[in-house]
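Chemist: In the numbering used here, the protein residues as written are 2 to 339.
Beta carbons are placed, not taken as given, at the ideal position from N, Cα and C, and that holds for glycine.
Just so we're clear, the structure is a prediction, and the values are computed from it rather than from any experiment.
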């Protein structure tokens, strides 16, 4: 089960039985709009606050995933999910709506793959037959908490990223067909001393490289084993830094084999500066766009490396640096992975 120092290998290869993604109006104008199950026309989603809208995003994704799988909510034995808002209240309230046993997790923007790794571990060992896992973010709610309310119209530097309004959820099962979760490498906290909350990509890049390197070493494989290695939300700046670091560490991954979720969502011309970010970023790209590509036969093996900056408004106010983490999950579909 444990291979090397940090990697779990799942002998039973839990299935991603169904997924669902929900997005906002800005995402509806992006590159992967066709991969969403539901898109909203306004940021409020009919609610009285952005935080309540945030909750609705996750609820809708959870219900849609269950609907696509034909599974009633009473059969879900566990929810493993989280978000960025204080004490994860949007996710807590969404779990209240579903009513299943619940484990709330916080990995910042790495939450999606942290949840998938834990879900696969539990299903692999027979701890549950059906687990809902996912993550969500809301642009206006997250910006208000970590930076400035969007109403202020504050200017941002080119290194900043655009927080995704969206939710991605997967239903993990010991039964049925679908892409399989074959292994997961758990990240460690890496802090290179950066403290700029407007340069998340630069802060998180070393953590992504650390986890990719650990995964390949533990599994005793080359990067070419995967059709695609995709990081969570490093954006343009972070991706360039991580490619440089990978080369310095002797891992010459071809640029076309290495992509970033933060550079996949939006079109050129959308004012996202360095790219996308947010807990929903890797969730909607992996559970929507990339799994759709796998089901079309375009990809057979992917390594999804979700990255997270583990800061808080309080730690920033106390002049702390930004500790970062990345969790990697291998997903296979077709060939030996199915």
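Can we say the segment 77-91 touches the segment 176-192, given the rule of at least three CB pairs closer than 8 Å?
Modeler: Not touching, per the Cβ criterion.
Chemist: Tell me whether residue 61 sits in a helix, a strand or coil according to DSSP, three-state version.
Modeler: Helix, per DSSP.
Chemist: Going by alpha carbons, who is nearest to residue 155 out of 324, 199 and 295?
Modeler: Of the listed residues, the one whose Cα sits closest to residue 155 is 199.
Chemist: Does DSSP classify residue 32 as helix, strand or coil?
Modeler: Coil.
Chemist: Whose C-beta lies closer than 7 Å to the C-beta of residue 48 among residues of the same chain, with five residues either side of it excluded?
Modeler: Excluding sequence neighbours, residue 48 sits near 54 and 57.
Chemist: In the DSSP output, what is residue 76 paired with across the bridge?
Modeler: For residue 76, which the question treats as bridged, DSSP gives no partner whatsoever.
Chemist: Leaving aside the five residues before and after residue 195 along the sequence, list all residues of the same chain whose C-beta is less than 7 Å from its C-beta, in chain order.
Modeler: Contacts found: 203, 204, 322 and 323.
Chemist: Given this structure, state the Cα-to-Cα distance separating residue 246 from residue 71, to the nearest angstrom.
Modeler: Cα-Cα distance, rounded: 44 Å.
Chemist: Can you look up residue 279 in the DSSP assignment and give me helix, strand or coil?
Modeler: Coil.
Chemist: Beta carbon of residue 65, beta carbon of residue 130: below 9 Å?
Modeler: Cβ distance not < 9 Å, so residue 65 and residue 130 don't count as in contact.
Chemist: Classify residue 88 as buried or exposed, calling it buried when 16 or more other Cβ atoms lie within 10 Å of its own Cβ.
Modeler: Looking at its Cβ environment, which holds fewer than 16 other Cβ atoms inside 10 Å, residue 88 is exposed.
Chemist: Within the continuous alpha helix (DSSP H) that includes residue 143, where are the two ends?
Modeler: Residues 140-147.
Chemist: Using the three-state DSSP reduction, which class does residue 189 fall into: helix, strand or coil?
Modeler: DSSP places residue 189 in coil when its eight states are reduced to three.
Chemist: Where does residue 7 sit, in a helix, a strand or coil, going by DSSP?
Modeler: Note: residue 7 maps to coil in three-state DSSP.
Chemist: Given a threshold of 16 other Cβ atoms within 10 Å of its Cβ, counted over all protein chains shown, does residue 167 qualify as buried or as exposed?
Modeler: Buried, because 16 or more other Cβ atoms sit within 10 Å of the Cβ of residue 167.
Chemist: Can you check which of these residues, 135, 218, 239 and 232, is closest to residue 23 by C-alpha distance?
Modeler: It is 135.
Chemist: Would you give the residue range spanned by the alpha helix (DSSP H) that residue 333 belongs to?
Modeler: Note, residue 333: premise wrong, no alpha helix (DSSP H); beta strand (DSSP E) at 325-333.
Chemist: As an exercise, report each continuous beta strand (DSSP E) stretch of at least 3 residues that is fully enclosed by the segment 233-314, in chain order.
Modeler: Correct list: 259-261 and 302-310.
Chemist: Judging by CA-CA distance, which residue of 9, 2, 326 and 302 is the nearest neighbour of residue 179?
Modeler: Nearest of 9, 2, 326 and 302 to residue 179, Cα basis: 302.
Chemist: Give a yes or no on whether the C-beta atoms belonging to residue 211 and residue 231 are separated by under 9 Å.
Modeler: Their beta carbons are not under 9 Å apart, which means residue 211 does not touch residue 231 by this criterion.
Chemist: With DSSP as the reference, label residue 171 as helix, strand or coil.
Modeler: In this structure, residue 171 counts as strand in the three-state DSSP scheme.
Chemist: Which of the three DSSP states, helix, strand or coil, is assigned to residue 1?
Modeler: In the structure displayed, the chain extends from 2 to 339; residue 1 sits before or after that span and is not available.
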